[in-house]
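Here's the structure, in structure tokens; my notes come after.
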Amino acid sequence: MGLWIWTWQVSCLALMACVVDVVLAQIRYMIPEELEHGSFVGNIVEDLGLDTNKLSIRRFRLVSGAKEQYLDVNLENGVLFVNERIDREELCEQNPYCSFHLQIVIENPLELYRVEVEILDVNDNSPVFQWSEFNLDISESAVPGSRFPLESAQDWDVGDNSLRSYLLSVNEHFILDVQTRSDGSKFAELILQSPLDREQQKAHLMVLTAVDGGAPERSGTAQINITVLDANDNAPVFDQNFYKVKLAENAPRGTVVIKLNATDLDEGPNGEIMYSFSGHAPTRVRELFSVDPRTGDIQVKGLIDYEKARMHEIYVQAKDRGPSAVAVHCKVMVNIVDVNDNLPEVILTSVSTPVQEDAPPGTVIAVISVMDKDSGENGNVDCEIPHHVPFQLHSSFKNYYTLVTWDFLDRETISEYSITLTARDMGSPPLFTRKTILVQVSDINDNAPRFKQPSYTVYLTENNAPGASICTITAQDADADQNSYLSYSILENDIHGMPVSTYVSINSDNGNIYALRSFDHEHLRNFHIVVQAEDAGFPPLRTNVTVNVFVLDQNDNPPVVVAPVPENDTAAVIIVPRYIDAGYLVAKITAIDADAGQNSRLFYEVLQATDPSLFSVALYTGEIRTIRRLMDNDPTRQKLVVLIKDNGQPPLSATASISLSVVDNVPESLPGLGDLALSPQYRSNLTLYLIVSLGAVSFTFLVAIIVLATIKGYRDRNSFRDHSSSLGSCCGFHSKTSDNDSIKRSNLNIHISPGIKGSTHCVEVNGNDPIGQNYYYKMCLTPESSKSDFMFLKPCSPTGTIASRNNIKEVDNKTLTWSPASNSLLTKTERISPNELKWGKKDRTLNKNQLNYTHKSHTAINTGRTLHRRMMQDPDNYAYQSVSHYWTWGNHMHDFKTSPEIVGIPNRSWTPCYKDSLQSPLDYQLNVYIPGTPSTHCTLKVANNGDLEVYNSFSTFGKKKKLMPNNNCQEDAVMTNDFFI
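In terms of mature numbering (1 follows the signal peptide of the UniProt record, and there is no 0), the sequence shown is residues -25 to -1, 1 to 956.
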């Protein structure tokens, strides 16, 4: 296992530096060189009193100051073992003491231990001579006792294993004298014991053996060839046998170390002296120095290094050139003077990088060792780092430092520190070495993702392609690597009752948001989603941002004509009186565009006309007016095609076809919608049993309606009789009229005289139309009527009779005058042209041709068409109140039932009134009068039976309509029954 010895030198020295607690101790081992890998050195954990189970937790590590990792520690049992073969001669050369140092670093808390390992020499090298044989010339005249230096052997071992002695083979003339140099090395000299006789023996052969002191000992041999020379009387003589000089290391080549001088009394060749190294001069000396053979100058030949050898001994011999020359010897001791020629060396023995950014102050980053081969002050080294970095250097041992943190780190601010370590010696001038230590700061997930904006607004044109990208929402994370990898998602939310995932999706990798459907501005104008960015750290961090999406309108809806309604899917029929002036309002085209903004702005123009000079269309309102008066020669049927286009880009358009019928007299009633045939595309293909069932249901329903109407009428008559009796002289008396007294025309004028006083005034009008339909109207005026802002018209149940103060005879136009003085209804008969209407005392006579009073409600099962009720405006705005309703038939087809056809009456339909939730009830809009404005509600027109059915609905059937005129009504106002019920 090898020899090992350990000793404690320092025990438990506490060192406080910042927040680092370091316990110092030193242990020393001695091991022989040349141990094999794995050889046991010692159980360092037990020797230091550490816990073997905590070595890995406390990050136990061995730091070597040498370039090679000669030793290592088994963390399982704490054994220190040989990691690489150690050659003492290679590590320390000829130094008598050879050792290297190790440093043990343990964290949590930080503890440093110093281990010194001394390498013991083993006798693994034999003494070796430079030459296996060498020649020696000795003059026969040499006297006994003359000394002749011999070649020295070299043994790389030290101590007892080094060269111990020399041995000479047996001979009769020479003996061997072994001497010791100042450094402890041995050398041998050959001593002449008896005179030589050249004539007897010219040469002598001997064996020189060098023996070391190891066990077992090792030896090396060399052969000595001695040649006996003829005599030379005088030998050279040196000025002194021992010289001592100083030489600075790194002296340049050719530098003269010393000039030797020897003299010879002989003349001629016997007096010429030659200088050379003695035979036992070491090889290292021969490499570093040279001797000039003529001048005796010793010069520098190689690189003088103080760190390798602080002193050199040079042996020089001098002999003349004569025969049998005798060599004389001297010794020159050269002491090498150290100069500061070695830079400090910095060795990073342990670097813990990267370091987490949340590492507490005092965390060990690196263990650093420095060394300088110079001696004295030239070998003392000091280390420093810049002050602007959050790190500090602590010195644990001489030439050992630890790099620790002294402040918190932030990777997002600085992700890598380049620390320049400067090692400077104390020489003059000082030398320094800089070493750069890169300390990387590892990331922790301490930053949440951040979006570039607090919220995003996206504008998306409608009718987009499904799957198209509408925008990209990206976030940034200041963290690195996995902590900065972001994934995007859309938080669950409802848009109009549907999950947001049915509207949009997002690419979790790059934040691209895609539309999953084609958006329609008319149904969805804006919505918002919440995008969440989440990093991949642990634990993950999240950030939300709101994305507001606005769907921009696109001109994708053409105008839709809602009025006038075409008949039989061809053209709308408009009756035009022949005798009208220029500017007469014939009709008004009403169209709508589902788009918004400029895309819904409509323009009207005549696209085709039978006579372009006869009619014009207002560009913005769609009003069709006459350009000139109608002539007798103008065609009675005019066709007009009006182009309606919006203001979009590109514009979309629709056309409205209008058939204008020019008549001399406007008929009192227009054909109802019963004459409109259903479009062939909507005709039912129902089976026979469905038709029979539907007919049975319709018949049953009609019977129920008739029964209810009869009961309602009976109750209203009884109610009126009771009310008439209670009024006394107010309402007069009730009388019956014969069939001949019935009003044959449907124009009945009621004239209210001014100055009406009294609490209540009532007027009842009973009549029937030519086809036998009876109607009954009752009008009551009360003092509260002047306080009301509205006037309601409400029909009563039909009675078939006329009740008045006086009998009203059959006339074409009857004017009923209410006299406040007599509380009676006065009747005067006068012939009034049906083409004129009077309004008060002022001259406001209008031609009937100038009044467009068409106010008609169409009721038909016409799917896909728009039904509307309208009343046109007269040219001078005397009577204008547009009550416009339209319904689009779709899913409500099941609400409509066709009633049986009545004999003598065109096919009519009882139709439930479809009411838009955004519109007011029909009865209210048709019975509202705003004081201060002309009102067509002042006119009552008895419509025929067929027309009445057209305007009745399930919601108004059987209800009375009471006329409550305002007391501020214009004096002598003419009230006509031109209002359709």
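Glycine included, each C-beta is placed from N, C-alpha and C at the ideal position.
Best match in the options for proximity to residue i [C-alpha to C-alpha]
i	options	result
Gln215	Met308, Asn200 and Trp131	Met308
Ser371	Ala593, Val342 and Thr380	Val342
Arg576	Tyr595, Asn236 and Arg425	Tyr595
His148	Thr155, Gly159 and Gln176	Gln176
Pro102	Glu467, Pro610 and Ser160	Ser160
Arg89	Asn98, Val133, Ser74 and Leu527	Ser74
Ile360	Asn245, Leu368 and Gly354	Leu368
Val312	Pro541, Asp280 and Glu509	Asp280
Lys221	Ile273, Thr258, Asp172 and Asp267	Ile273
Ile465	Ala453, Lys219 and Thr449	Thr449
Leu165	Leu125, Asn315, Val301 and Val667	Leu125
Lys557	Leu605, Ala684, Pro587 and Thr545	Sequence check: residue 557 is Ala here, not Lys. Selected option, being the one with the closest Cα: Leu605.
Asp382	Pro365, Ser628, Gln457 and Phe674	Pro365
residue 957	Glu115, Leu167 and Asp158	Nothing about residue 957 can be read from this structure; the chain reaches only from -25 to 956.
Leu183	Glu192, Ala128 and Tyr489	Ala128
Ala508	Asp452, Tyr559 and Arg500	Asp452
Ile340	Met346, Thr324 and Leu499	Thr324
residue 960	Asp208, Thr380 and Pro610	Limits of the chain in this structure are -25 at one end and 956 at the other, which puts residue 960 out of reach.
Thr432	Val520, Tyr460 and Val356	Val520
Val266	Tyr290, Thr380 and Leu669	Tyr290
Asn100	Ser137, Arg500, Val414 and Pro119	Ser137
Unbroken alpha helix (DSSP H) run spanning residue i, endpoints
i	result
Thr258	Thr258 to Leu263
Val20	Ile19 to Leu23
Extent of the continuous beta strand (DSSP E) run through residue i
i	result
Cys73	Per DSSP, Cys73 belongs to no beta strand (DSSP E) and is neither H nor E.
Asp295	Met286 to Asp295
Ser350	From DSSP, Ser350 is part of no beta strand (DSSP E); its letter is neither H nor E.
Gly512	No beta strand (DSSP E) holds Gly512; DSSP gives it neither H nor E.
Asp454	Asp454 -> no beta strand (DSSP E), and no H or E assigned at all.
Phe366	Phe366 to Phe372
Ile481	Val479 to Ile481
Phe569	Note that residue 569 is Ala in the sequence shown here, rather than Phe. No beta strand (DSSP E) holds Ala569; DSSP gives it neither H nor E.
Val475	Element bounds for Val475: n/a, residue is neither H nor E.
Glu391	Glu391 to Asp400
Lys42	From DSSP, Lys42 is part of no beta strand (DSSP E); its letter is neither H nor E.
Tyr375	Tyr375 to Thr380
Ser31	Run containing Ser31: none; DSSP gives neither H nor E here.
Met249	Ile248 to Phe252
Phe56	Val54 to Val57
Distance between residue j and residue i (C-alpha atoms, nearest Å)
i	j	result
Tyr561	Ala571	For the record, residue 561 in the displayed sequence is Val; it is not Tyr. Each residue's alpha carbon lies about 29 Å from the other.
Ser140	Arg156	12 Å
Cys67	Ile94	9 Å
Ala671	Gly688	26 Å
Asp607	Ile599	20 Å
Val301	Leu263	27 Å
Ala178	Gly229	39 Å
Cys358	Thr397	6 Å
Asn58	Ile2	19 Å
Asn49	Gly17	11 Å
Cys82	His76	Note that residue 82 is Glu in the sequence shown here, rather than Cys. Cα to Cα, the separation comes out at about 20 Å.
Ser704	Leu683	Any reading at Ser704 must be qualified, since the residue scores a pLDDT of 38, below 50, and its modelled position is unreliable; the value itself is stated next. About 33 Å.
Ser476	Phe578	41 Å
Glu9	Asp47	16 Å
Val667	Ile681	21 Å
Leu413	Tyr392	6 Å
How about the region 539 to 553 and the region 623 to 642: do they share at least three Cβ pairs that are nearer than 8 Å? Yes: at least three Cβ pairs fall under 8 Å.
In chain order, what are the residue ranges of uninterrupted beta strand (DSSP E) at least 3 long that sit wholly in the region 106 to 169? Whole beta strand (DSSP E) segments, 3+ residues: 108 to 114, 122 to 124, 138 to 143, 149 to 155 and 161 to 167.
When you compare the region 295 to 303 with the region 233 to 246, are there three or more beta-carbon pairs, one atom per stretch, that lie closer than 8 Å? Output reads yes: the region 233 to 246 touches the region 295 to 303.
Three or more C-beta pairs under 8 Å: does that hold for the region 395 to 410 against the region 483 to 496? Contact between the region 395 to 410 and the region 483 to 496 is absent: fewer than three C-beta pairs spanning the two stretches fall below 8 Å.
Check whether the region 454 to 471 touches the region 425 to 439, taking contact to mean three or more Cβ pairs, one atom from each stretch, closer than 8 Å. In short, these stretches do not touch, since the Cβ pair count stays below three.
Inside the region 203 to 242 only - beta strand (DSSP E) runs reaching at least 3 residues: You should have 217 to 223 and 231 to 234.
Would you say the region 380 to 389 touches the region 414 to 426, given that touching needs at least three Cβ pairs under 8 Å? The region 380 to 389 is in contact with the region 414 to 426.
Should the region 529 to 539 be called in touch with the region 475 to 486, which here means at least 3 C-beta pairs below 8 Å? Result no; under three Cβ-Cβ pairs closer than 8 Å.
Within the region 540 to 607, note down every full alpha helix (DSSP H) run reaching 4 residues or more, in order along the chain. Complete alpha helix (DSSP H) runs here, min 4: none at all.
Going residue by residue through the region 402 to 459, where are the continuous beta strand (DSSP E) segments of at least 3 residues, counting only ones entirely within it? Listed in chain order, the complete beta strand (DSSP E) runs (minimum 3 residues) inside the region 402 to 459 are 407 to 417, 430 to 436 and 444 to 447.
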